[in-house]
Amino acid sequence: MNTTRNSASAPEASHVSRWVRTWGAAPQAPDNSVSGVEPFENATLRQIVRVSGGGGRIRIRLSNEYGSAPLTVGAAHVGLADSDGEIRPGSGRAVTFGGRPTAIVPAGAPLFSDPIDLDVAALSRLTISLHLPGRVDTVTCHGTFHALGWIIPGDVTTSTSLPTDAIPLPAQGLITAVEIQADSRIRAIAVLGDSRVDGIGSSPGADRRWTDLLAERLDSRGGPTRCVVSQSISGNRMLTDGIGTAALARFDRDILATPGLGHVVLAVGNDLVFSFAPDTEENSGFLAMFPGDRVGVDDVIAAHVQLAARARAHGAKVHAATIAPYGASEMYSPEGDQAREQVNAWIRTSGAFDSVLDFDAVWRDPSDSTRIRSDLHMGDNLHGNDAGYRALAEAVDLSFFD
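When we follow the numbering used here, the leftmost residue of the sequence shown carries the number 6, and every step to the right adds one.
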């Protein structure tokens with residue numbers, strides 16, 4: 006892969022203890038996502054998340070940012086995950102908020118838990134359970150759910166096994182981050198992306214997004230921990246709202262507010278794909294979710310420049326991924342592909358980034374540069390499969406994140 010180095014990166018801070026995000030999911034409104042959690046009352050949400058970096062103390066971030074009313078948390082519990090939604094014996098911890106077991110989260114607000122003493126190894130899975138005693142009409146969620154989760158009647162937060170009446174969740178609900186307490190050598194890598202970062206096409210519940218696999222590579226190399234946090238939204242665009250708030254608008258909340266931020270990866274490209282997509286009968290319903298004027302090459306380049314400048318203003322290094330091929334997909338058009346190639350050429354040669362992750366080169370079919378290799382996509386010529394996402398992760402030069 007190509008890389009350019011920026012000599013003006015921020016110096017390392019002193020090794021003081023601070024919070025560092027180790028897992029995240031960008032919050033969405035349930036009616037503005039691929040899928041959502043239906044309204045419910047007096048139920049427990051039990052969800053499993055896999056952290057990237059580990060530590061001896063954690064905290065959990067909940068979100069009612071898209072809620073239509075205050076959210077009452079009746080009880081919360083966390084433990085190391087065992088199989089099938091179970092909690093490893095002896096690892097369960099009650100979660101408190103300001104010293105209390107309950108909390109009220111105003112509409113539009115997030116909520117951090119108190120620090121929780123729990124030894125969490127890198128790449129561990131956590132089982133997080135929330136009891137919501139009242140009616141919840143609008144569930145702040147993350148629409149693409151590649152973890153495991155269930156909704157269960159009543160308060161079963163402390164149950165070490167998964168109740169038989171548990172119903173699988175279609176989306177991540179209310180939980181948006183897990184953070185570890187660590188010294189300042191530990192940095193977070195926040196990835197801004199769309200469905201190809203969100204892992205559409207990877208095996209559900211298996212942690213096979215390329216960001217998950219990159220976290221595994223970084224952990225196995227040793228040295229200072231780098232936590233990989235996917236802040237992707239499937240269908241998201243840089244310049245215009247559609248599925249999820251536009252990346253330019255959500256960048257402060259989802260990326261720059263990441264505790265322990267050291268690196269930002271820009272892996273976005275839907276603006277061009279959707280702007281030039283054929284307006285066929287098959288595409289019309291899908292494209293209706295993406296209103297707004299057509300954007301072009303100069304617009305996408307300008308958006309990259311803005312995001313890079315904002316990240317550097319926060320002392321982060323900035324890395325950009327080229328836009329992978331999508332020929333033969335329902336969204337493909339020759340005009341859109343030409344625009345993609347022009348943006349990719351700029352990403353590779355502009356010197357605007359600390360490094361370039363050339364995902365276009367990794368997925369490109371040698372016999373047809375407009376298409377993904379047939380062994381690397383899920384069958385739609387647009388999204389990767391497990392092998393495709395592994396190829397992306399293995400192509401990243403880990404020294405970019407030193």
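No residue lacks a Cβ here, since even glycine has one placed at the ideal position from N, Cα and C.
Given the structure is predicted, the values throughout are model-derived calculations rather than measurements.
Item checked: Local conformation of residue 403 per DSSP, three classes -> Residue state for residue 403 is assigned as helix, using DSSP reduced to three classes.
Next item on the list: Return the residue from the list 175, 136, 130 and 170 that minimises the CA-CA distance to residue 43.
Entry: Nearest of 175, 136, 130 and 170 to residue 43, Cα basis: 175.
Item checked: Per-residue burial, residue 343 [other beta carbons within 10 Å of its own, 16 or more giving buried] -> Burial is judged here by how many other beta carbons sit within 10 angstroms of a residue's own beta carbon; residue 343 has fewer than 16 and is exposed.
Check: What's the gap between the Cα of residue 381 and the Cα of residue 111?
Finding: It is roughly 44 Å from the alpha-carbon of residue 381 to the alpha-carbon of residue 111.
Checklist line | Bridge partners - residue 115, DSSP secondary structure assignment | finding: Residue 115 has 68 as its beta-bridge partners, per DSSP.
Next item on the list: Along the alpha helix (DSSP H) that carries residue 255, what are the first and last residues, could you check?
Entry: For residue 255, the enclosing alpha helix (DSSP H) has its first and last residue at 252-256.
Margin query: Please report the straight-line C-alpha distance between residue 323 and residue 194, rounded to a whole angstrom.
Written below: Going by C-alpha positions, residue 323 is about 10 Å away from residue 194.
Notebook entry, point to check: Among the residues of its own chain, which have a CB less than 6 Å from the CB of residue 274, if the five just before and after it don't count?
Noted result: Correct list, in chain order: 328.
Margin query: Using 8 Å as the cut-off, can you tell me whether the segment 163-181 makes contact with the segment 86-93, which would need three or more C-beta pairs spanning the two stretches below that distance?
Written below: By the C-beta criterion, the segment 163-181 is judged to be in contact with the segment 86-93, since at least 3 inter-stretch pairs fall below 8 Å.
Next item on the list: Please go through the same chain and pick out, in chain order, the residues whose beta-carbon is closer than 7 Å to the beta-carbon of residue 68, but skip the five residues on each side of it.
Entry: These residues qualify, in order along the chain: 32, 115, 145, 179 and 181.
Next item on the list: Quickly, what does DSSP pair residue 387 with across the bridge? List them, please.
Entry: Residue pairing from DSSP leaves residue 387 without any beta-bridge partner.
Item checked: residue 9 - DSSP class collapsed to helix/strand/coil -> Low local confidence applies: a pLDDT of 41 at residue 9 is under 50, so the model's placement there is unreliable, with the coordinate-based value given in what follows. Residue 9: coil per DSSP, three-state reduction.
Notebook entry, point to check: Does the beta-carbon of residue 404 have 16 or more other beta-carbons within 10 angstroms, so that it is buried, or is it exposed?
Noted result: It is exposed - the Cβ of residue 404 has fewer than 16 other Cβ atoms within 10 Å.
Notebook entry, point to check: Quick one: is residue 179 near chain C, going by C-beta distance under 8 Å?
Noted result: No chain C appears in the structure shown, which is made up of a single protein chain.
Checklist line | Residues of its chain near residue 161, where Cβ-Cβ distance is below 6 Å and the 5 sequence neighbours each way are ignored | finding: Around residue 161: 49 and 168.
Checklist line | Every unbroken beta strand (DSSP E) within the segment 104-162, with a cutoff of 3 residues, ordered by chain | finding: Qualifying beta strand (DSSP E) stretches, in chain order: 108-110, 115-117, 121-125, 130-141 and 153-158.
Item checked: Where the beta strand (DSSP E) containing residue 3 begins and where it ends -> Given that the chain is displayed from residue 6 to residue 407, the structure contains no residue 3 and the question cannot be resolved.
Note to self: Applying the 10 Å Cβ sphere with the 16-neighbour rule, what's the burial state of residue 109?
What the structure shows: Exposed, since its Cβ has fewer than 16 Cβ neighbours within 10 Å.
Next item on the list: Using DSSP bridges, identify the partner residues of residue 197.
Entry: Residue pairing by DSSP places residue 197 opposite 271 in a beta bridge.
Notebook entry, point to check: Run through DSSP, which three-state label would residue 217 get?
Noted result: DSSP, reduced to helix, strand and coil, places residue 217 within a helical segment of the structure shown.
Check: Apart from the five residues just before and just after residue 152, which ones in its own chain have a Cβ nearer than 6 Å to its Cβ?
Finding: Once the five neighbours on either side are set aside, the close Cβ partners of residue 152 are 53 and 54.
Check: Whose CA, out of 82, 212, 113 and 214, lies closest to the CA of residue 95?
Finding: Proximity to residue 95 across 82, 212, 113 and 214 peaks at 82, based on C-alpha coordinates.
Notebook entry, point to check: Can you check whether the CB of residue 235 is closer than 8 Å to the CB of residue 203?
Noted result: The Cβ-Cβ distance between residue 203 and residue 235 falls below 8 Å.
Next item on the list: Specify the secondary structure class of residue 316 as computed by DSSP and reduced to three states.
Entry: In the structure shown, residue 316 sits in a helix (DSSP, three-state: H, G or I).
Notebook entry, point to check: Is the distance from the Cβ of residue 35 to the Cβ of residue 143 below 8 Å?
Noted result: Result yes, Cβ atoms of residue 35 and residue 143 sit closer than 8 Å.
Notebook entry, point to check: Enumerated in chain order, which unbroken segments of the beta strand (DSSP E) with a length of 3 residues or greater are wholly contained in the segment 28-79?
Noted result: For the beta strand (DSSP E) assignment, the uninterrupted runs of no fewer than 3 residues enclosed by the segment 28-79 are, from N- to C-terminal side, 45-55, 60-68 and 76-78.
Notebook entry, point to check: What residue does the beta strand (DSSP E) around residue 375 start on, and which one ends it?
Noted result: For residue 375, the enclosing beta strand (DSSP E) starts and ends at 373-377.
Check: Roughly how many whole angstroms lie between the Cα atoms of residue 394 and residue 379?
Finding: Each residue's alpha carbon lies about 13 Å from the other.
Item checked: Contacting residues, own chain, Cβ-Cβ under 6 Å from residue 332 (five flanking each side not counted) -> Excluding residues within five positions, the ones whose Cβ falls inside 6 Å are 375 and 376.
Notebook entry, point to check: Run through DSSP, which three-state label would residue 328 get?
Noted result: When DSSP states are grouped into helix, strand and coil, residue 328 belongs to the coil group.
Note to self: Please report the straight-line C-alpha distance between residue 290 and residue 229, rounded to a whole angstrom.
What the structure shows: When rounded, the distance between both Cα atoms is 47 Å.
Notebook entry, point to check: With DSSP run on the structure shown, which of helix, strand or coil describes residue 276?
Noted result: Helix, per DSSP.
Check: What number of angstroms, rounded off, separates the C-alpha of residue 368 from the C-alpha of residue 224?
Finding: Going by the C-alpha atoms only, they are around 24 Å apart.
Check: Cβ of residue 138 within 8 Å of Cβ of residue 77?
Finding: Between residue 138 and residue 77, the gap from beta carbon to beta carbon is short of 8 Å.
Check: Starting from residue 231 and walking both ways along the beta strand (DSSP E), at which residues does that stretch end?
Finding: Counting along the chain, the beta strand (DSSP E) containing residue 231 begins and ends at 231-235.
Next item on the list: Could you say which of 172, 105 and 220 lies nearest to residue 126 if we only look at CA atoms?
Entry: Ranked by how close their Cα comes to the Cα of residue 126, the residues 172, 105 and 220 have 220 in first place.
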